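Here the structure comes first, spelled out in structure tokens, and everything after it is commentary.
Number of protein chains: 2
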Amino acid sequence: MAASSFAAPCANAAAQPGGFLSHLGAADLRQLMTLGERVPYTSQDVLFTQGAPAGKCFSVVEGVVGIYRTECDNRRQITSFALPGDILEIATQGHHEVSAAAIGPAVVWEIPREKFAQFASHRPYVLNEIVALMATEIADAHDKMFSLGRRAAEEKLIVFLTHWRDRLARLGRDVDPLPVPMSRRDIADHLGLTVETVCRTLAKLERRGAIEILPGRIRLLDTEAVAAPALA
Amino acid sequence: MAASSFAAPCANAAAQPGGFLSHLGAADLRQLMTLGERVPYTSQDVLFTQGAPAGKCFSVVEGVVGIYRTECDNRRQITSFALPGDILEIATQGHHEVSAAAIGPAVVWEIPREKFAQFASHRPYVLNEIVALMATEIADAHDKMFSLGRRAAEEKLIVFLTHWRDRLARLGRDVDPLPVPMSRRDIADHLGLTVETVCRTLAKLERRGAIEILPGRIRLLDTEAVAAPALA
DNA sequence: GGCACACATTGATACACATCAATCGCCTCT
DNA sequence: AGAGGCGATTGATGTGTATCAATGTGTGCC
């Protein structure tokens, strides 16, 4: 599976539990680590399901985790792909509103909600960090809503690929042949398209010299030029 | 304009600045009110623009405020319609990621960011309230992404109308002929459709007896039955 | 009142994307 | 090596929604 090489261990700061909380001191981090446990998942494993009681929060350590919402008739919308350093369900009260599943092998740090709440309760800066995280999550959601509602298939894909590249680059990954560990179905369910349209559109972009399709990877060649007219 | 009756003053708790912070004491509320000012807007007025520095946060007191993201080529995605009690840009750092404009006449409580931050800094329960607010905002965003990516026009409209009704009902409004103060263009830009499709789909629903279209209002007749097969 | 003007509606047509249906490639298992 | 299976790809066709265009409908302004 393409994800195996993608999910290879890498020594970046985000690959720690709470790596997101860049302002935490060493003592805080040590204590945080005692609160939860490191859980490995294999491809397609479900971390939690929408509707289930939200007892823990999750921090991706390694691999990719897809966050999605389903309807009982098989329709699925992947709202985001979580990468190392991303936190899931940190403020969810009651029940999960979404599900999460591993895209390829993944490692996740899981902390019982009440323990984390207790940890955070006498550390105001943690709450601030959480608020900042949620703010970027909301901003991302706005981007995605724009994409879903107002972009055509080709533009959706170009924007998706360049954003994905930028996120991986920020984690220090090699993005020249851009790793694309998620399936075409996952991409389709993320962009509000069908598998076939994703394939066809990628093929069209390749014919045009904008990208090069490799197994489990895509090389972005000319996206700036191609994207420029399509984007604003 | 239809919004005039819609935006008529009503004496519910949410129509206070910080009405959202239901756990605030009277003393806190009094102080909060000294920090900001009450600003009236007329239809189409812009509260803030994406890209501009985010100096204040906003609390809708009266009327409806549309939150949207634009591309320079006139494409627009309205990400939400804010109602009294809703807070805007409460955690935005740096620059606004979205714009906001009044849908019909509106009144907004505006608080300079640093003053609010100071107010909240020694009141941990305020931060908790903010986190909870943002969590529901994120959950809403997930719903909208599903709608945008995976629902057809008719289902989008039914879900939109019923959600809108539920929100107004929660504010104690009369929803039997459901007030719809936003234009067809606004609805289209919210659902990722065109004005024409919105009109046609509403007309189809009316012909089928699911709704009744009135000026500035829509009566929901049979949506449960109509929606039931379309929804889950 | 009557003229603008914007918004809403309806129609004719085009097109992007979905759907249905093979085929192909790759990996796993026996 | 062969069989099975799943994901990816490509083709043929259908359809939902966009686009283009015209007409209705109300609303504010002079």
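Top to bottom, those sequences are chains A and B.
Everything in the first sequence is counted per this note's numbering, starting at 3 for the first residue and increasing by one.
Everything in the second sequence is counted per this note's numbering, starting at 3 for the first residue and increasing by one.
Just so you know, even glycine gets a beta-carbon here, dropped at the ideal spot from N, CA and C.
All of these numbers come straight from a predicted model, not from anything done at the bench.
Sequence ranges, beta strand (DSSP E) only - wholly within the stretch 69-130 of chain B, length at least 3: 78-84, 101-114
K206 (chain B) at chain A interface by Cβ criterion, 8 Å: no
T94 (chain A) versus A134 (chain A) - alpha carbon distance: 16 Å
Span separating the alpha-carbon of R78 (chain B) from that of S45 (chain B): 18 Å
Between the CA atoms of D191 (chain B) and A141 (chain B) - distance to the nearest angstrom: 20 Å
The ligand FMN heavy atom lying under 7 Å from the CB of A212 (chain B): Among the components of this structure there are no ligands whatsoever, and the ligand FMN is therefore not found.
Cβ contact check for the stretch 45-57 of chain A and the stretch 85-103 of chain A: 3 or more pairs under 8 Å: Yes, the stretch 45-57 of chain A touches the stretch 85-103 of chain A.
Outcome for T81 (chain A) when other beta-carbon atoms lying within 10 angstroms are tallied against a minimum of 16: buried
Within chain B, partners of Q120 (chain A) - CB distance below 9 Å: Within chain B, no residue comes near Q120 (chain A); the closest Cβ sits about 13 Å away, beyond 9 Å.
Chain-ordered neighbours of L150 (chain A) on chain B, where CB pairs are closer than 7 Å: M147, L150, G151, G194
Chain-ordered neighbours of I89 (chain B) on chain A, where CB pairs are closer than 9 Å: Within 9 Å Cβ-Cβ: nothing; I89 (chain B) doesn't reach chain A, min ~12 Å.
Unbroken alpha helix (DSSP H) run spanning V161 (chain A), endpoints: 155-172
Segment contact flag, the stretch 29-41 of chain A with the stretch 118-127 of chain A, C-beta cutoff 8 Å, min 3 pairs: yes
Span separating the alpha-carbon of C59 (chain B) from that of H165 (chain A): 28 Å
Closer than 8 Å to chain B by CB, T81 (chain A): yes
Interface partners of R71 (chain B) on chain A, CB under 8 Å: Near R71 (chain B) (Cβ distances below 8 Å), the residues of chain A are H144, D145, M147, F148.
Cα-Cα separation between D224 (chain B) and E156 (chain B), rounded to whole angstroms: CA-CA distance, D224 (chain B) to E156 (chain B), rounds to 14 Å.
Own chain partners of L129 (chain A) with C-beta closer than 7 Å, once the 5 adjacent residues on each side are dropped: Counting only residues of its own chain and dropping the five nearest sequence neighbours on each side, L129 (chain A) has a CB closer than 7 Å to the CB of A122.
Pairwise C-alpha distance: L37 (chain A) and G211 (chain B): In this structure, the alpha-carbon of G211 (chain B) lies about 56 Å from that of L37 (chain A).
DSSP-derived helix/strand/coil call for G194 (chain A): coil
Whether I66 (chain B) touches M184 (chain B) by CB criterion (8 Å): Reading off the sequence, residue 66 (chain B) comes out as Val, not Ile. For V66 (chain B) and M184 (chain B), yes; Cβs fall inside 8 Å.
Which residues DSSP lists as bridging V66 (chain A), in chain order: A:I105
Proximity test, Cβ basis, 8 Å: M184 (chain A) and chain B: no
Residues, ordered as in the chain, of the stretch 124-135 of chain B that lie near chain A by beta-carbon distance below 8 Å: P126, L129, N130, I132, V133, A134
Beta-carbon proximity list for A4 (chain B), same chain, < 6 Å, skipping 5 on both sides: The predicted position of A4 (chain B) is uncertain, since its pLDDT is 35 and thus under 50; no value can be drawn from it.
Contacts that I160 (chain B) makes with chain A (C-beta to C-beta distance below 9 Å): The contacting residues do not exist; I160 (chain B) stays about 14 Å from chain A at best.
Span of the beta strand (DSSP E) around R2 (chain A): Outside the shown range of chain A (3 to 234) lies residue 2 (chain A), about which nothing can therefore be said.
R187 (chain A) (DSSP reduced to helix, strand or coil): helix
Cβ neighbours of A56 (chain B) in the same chain (closer than 8 Å, five flanking residues each side left out): F50, E91, T94, Q95, G96, H97, H98, R115
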